[in-house]
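2 protein chains.
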Amino acid sequence: MNIGEIARRAGVSRSTVSYALSGKRPVSDETRRKIQDVIDELGYRPNASARALANGRTSTIGLVFPPAGNHYTGMQLDFIGSVVEAAAAHDYDVLLSPSGVDSDRSFQRLLGERRVDGAILMEIRLKDDRVDHLAELDFPAVAIGRTAHPESGWWVGLDHTALAAACVHHLADLGHRRVAFVNRPEQLLRAGYESAHRGLEGFTKAAAERGLTVRTYCCGDDAASGQACLERILHDDPATTGLVTLNEAALGGLYRGLAQAGRHVPRDFSVTGVVAGRWAETVTPQLTAADVPAEEMGRRAVDLLIERLDHPGAPPRHHLLAPPISLRASTGPAGGTPSA
Amino acid sequence: MNIGEIARRAGVSRSTVSYALSGKRPVSDETRRKIQDVIDELGYRPNASARALANGRTSTIGLVFPPAGNHYTGMQLDFIGSVVEAAAAHDYDVLLSPSGVDSDRSFQRLLGERRVDGAILMEIRLKDDRVDHLAELDFPAVAIGRTAHPESGWWVGLDHTALAAACVHHLADLGHRRVAFVNRPEQLLRAGYESAHRGLEGFTKAAAERGLTVRTYCCGDDAASGQACLERILHDDPATTGLVTLNEAALGGLYRGLAQAGRHVPRDFSVTGVVAGRWAETVTPQLTAADVPAEEMGRRAVDLLIERLDHPGAPPRHHLLAPPISLRASTGPAGGTPSA
DNA sequence: GATGGTTGTCGAACCGGTTCGCGTGAAGTG
DNA sequence: CACTTCACGCGAACCGGTTCGACAACCATC
């Protein structure tokens, strides 16, 4: 069931079989047919490892997975799904690499052992060792997210600054004056996660421009933390009438906290933020939010990577996306009927 | 940066380097040290393709991903995460394979081209070609889910029949007499998805035992479908006071439908079902449900697969799990205060 | 009729590891 | 001291593909 066996049965040499399959040199119709018959009969498929060894390409891309053990968000699922799908369309497989506990080790596996032709990185930090390291090696990689110095890199990113600002303006336009910001967990902020930083920055600036009174919070990536966070918000400033969040996983908990505090959304309290569209629609009332186009981002990341693989030395490219806010049902004018 | 280069610089033969690394034959401390020094200096790592070609193992397992293009559920994300993590603990990588549009093709890629040593299958059907095919080839695979004839296979499954029945008994014990069942989408049911079938079966049987009046529904995997489904339920039988669902993705929509119909959960209407624990906690009120131990299942699937890889010819093993119902806040006695 | 360009095929080398058989020198044994 | 045993290292073959150079056969040209 290897190429030699096929060659023997077809009565030709191994190289001829190879050329018949790749088309890189002419092969007569008759031999091609003979070879194809044998292949069909035996169900032969060339061994991927051997092929990878010979031509130096694995036809596999690595997807560097966010730290495991923690909670995954729906957005990440959407990224993974779309990356796998887009890669399949280009005849690439996707190898998942947990950048968890021992990220160096799995990085070494991917790159050092040449398991993949290129990589897609998720959960980028403003100062990201992985990105720097790959750039230094000139290893084909595309980031979903951008570092503090994105000019020279390959990435597809979300303009979190603008999106968070848009959320603030949306609330300000509705008359809200006291607004809270619910960020990703503190450890991620401290680690320099770009969405957490840029989102916070955009929120803070825009709030200052509009003269809002704000408080900012970090919140764990789960419902219980969201609920606790909301309790703190209302405890710290009961006059708060709106919040902006980047924390998809905490959303359900934030809603629960509001319900338990007797604040009706959107009459008493407005909620908005940056969330993957599909998940914004699972809560009631549906979330008015800047919908993260996770599928598009995954697809574009793959397209960029393929382009980079096909044209080594091409100048860096990137896409910065800033989807508009989708108006749904979770925001309304300030000063509805105050409860309690 | 290949093994020959290391050998030259260390002044030994290639085979000696190989033995120094693998430990399969004795190597003197001195040469081992010399070799190690060179390796450390150059940051050498053996090429994975070459190694795979030589010893016939790729150290990679394939995870056959659910049909793409559709919506993914949170449960699937949990499976993926835990599989990746567990595989990493055994020094295996995970290759994602979309079993989407052209499932034969990606199957051929995985198996025919020998990209993986074994596979884990998700979204099993009662009569599943993939499972049969792999069993026929004696290819090391483990299913997350079980077919109609699971005796001879390797799998880790959930006792959907028992879980759905437990949900029914829970509602019946609370006095509910008219109950609906919200299943996965109709196309999945027709395709023979085991959770949809066994869940329906368990629900129907238990309801008959308890003499309940029931209706069963299929529902798309998204919030909008959930909402529509709930409207249909109340339209078909306004006296319905409870539902059991297997459809995690529709949950948010079901809740919204209830809210819009003015039915308070759990006072007027009880909701329960089979859902991954983390997602049961994102809705308000939190869902009383049989928590799908997705992480445990993923981990166990990997452990079984590794065992099968390490001991070819070992007799089939499997795990059937039936987690208890976690009492949360979405169910209550029938005949609270009827609204409207 | 010598010259030149295609077309189709083959053998050999190569990709970067692993593994087997053999040779050598040193240590252990009676 | 001859004889086994063992530790250690080397060279060669192999895994299953791809690719290069060579060559033969065929056709067209001047």
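These protein sequence lines map, in sequence, to chains G and C.
Taking our numbering, the leading residue of the first sequence gets 1, the next gets one more, and so forth.
Taking our numbering, the leading residue of the second sequence gets 1, the next gets one more, and so forth.
Built from N, CA and C at the ideal position, the CB exists for glycine as well.
- Interface with chain C (8 Å Cβ-Cβ cutoff): F65 (chain G) is included.
- In terms of Cα proximity to H264 (chain C), the closest of C:T245, C:T284, C:G74, C:V274 is C:T284.
- For the region 134 to 174 of chain C, the full-length beta strand (DSSP E) segments reaching 3 residues or more read 141 to 144, 155 to 158 along the chain.
- Annotated three-state conformation of Y72 (chain C) is coil, per DSSP.
- For the options G:L137, G:N2, G:G335, G:I3, the alpha carbon positioned closest to that of D173 (chain G) is the one of G:G335.
- In terms of beta-carbon proximity, S106 (chain C) lines the interface with chain G, with at least one pair separated by less than 8 Å.
- Around the beta carbon of T60 (chain G), 16 or more other beta carbons lie within 10 angstroms, which makes this residue buried.
- Contiguous beta strand (DSSP E) elements confined to the region 188 to 259 of chain G occur at 213 to 218, 242 to 245, taking only those with 3 or more residues.
- DSSP lists C:C218 as the bridge partner or partners of N183 (chain C).
- Relative to G11 (chain C), the option among C:H133, C:V38, C:I144, C:A52 whose CA is nearest is C:V38.
- Rounded to the nearest whole angstrom, the CA to CA distance from D222 (chain C) to T282 (chain G) is 8 Å.
- Sixteen is the threshold: since fewer than 16 other Cβ atoms of the shown chains lie within 10 Å of the Cβ of N55 (chain G), the residue is exposed.
- Chain C has no Cβ within less than 8 Å of the Cβ of D268 (chain G).
- By the beta-carbon neighbour count (other beta carbons within 10 angstroms, threshold 16), G242 (chain G) is buried.
- Taking all protein chains in view, the Cβ of D117 (chain C) is crowded by 16 or more other Cβ atoms within 10 Å, so the residue is classified as buried.
- At a cut-off of 8 Å, the C-beta of S13 (chain C) has no neighbouring C-beta in chain G.
- Straight-line spacing of the CA atoms in L200 (chain C) and V244 (chain C) works out to 10 Å.
- Within chain C, not a single residue places a beta-carbon under 7 Å from that of I61 (chain G); the smallest gap is close to 11 Å.
- The C-beta separation of V156 (chain G) from M297 (chain G) comes to about 5 Å, placing the pair in contact by the 8 Å criterion.
- Three or more Cβ pairs closer than 8 Å define a contact, and the region 112 to 127 of chain G meets that threshold against the region 40 to 51 of chain C.
- Shown here for H90 (chain C): same chain residues with a beta carbon closer than 6 Å to its own, the five before and five after excluded, namely I306 in chain order.
- Relative to A239 (chain C), the option among C:A224, C:A180, C:S326, C:G220 whose CA is nearest is C:A180.
- Our two residues, S22 (chain C) and S152 (chain C), have alpha carbons roughly 36 Å apart in a direct line.
- For A165 (chain C), no CB of chain G lies under 8 Å from its own CB, so it is not counted at the interface with that chain.
- Taking C-beta atoms under 8 Å as the contact rule, A250 (chain C) and G277 (chain C) fail to qualify, at a distance of about 17 Å.
- Between the alpha carbons of V292 (chain C) and R14 (chain C) lies a distance of about 51 Å.
- In the structure shown, the three-state DSSP call for R299 (chain G) is helix.
- For a Cβ distance threshold of 8 Å, residue set G252, Y255, R256, A259 of chain G lies close to T284 (chain C), ordered along the chain.
- If you check the CB distance, A280 (chain G) and A289 (chain G) come in under 8 Å.
- Listed by position along chain G, the residues whose Cβ is nearer than 8 Å to that of N47 (chain C) are L53, E113, R114.
- In the structure shown, the three-state DSSP call for V64 (chain G) is strand.
- Among the bridge pairs identified by DSSP, D291 (chain C) is matched with C:V275.
- A straight line joining the alpha-carbon of L188 (chain G) with that of L63 (chain C) spans about 29 Å.
- Interface with chain C (8 Å Cβ-Cβ cutoff): A223 (chain G) is included.
- DSSP places A314 (chain G) outside any alpha helix (DSSP H), giving it a letter other than H or E.
- C:R125 is the residue among C:H311, C:R125, C:P316, C:D303 whose C-alpha sits nearest the C-alpha of R190 (chain C).
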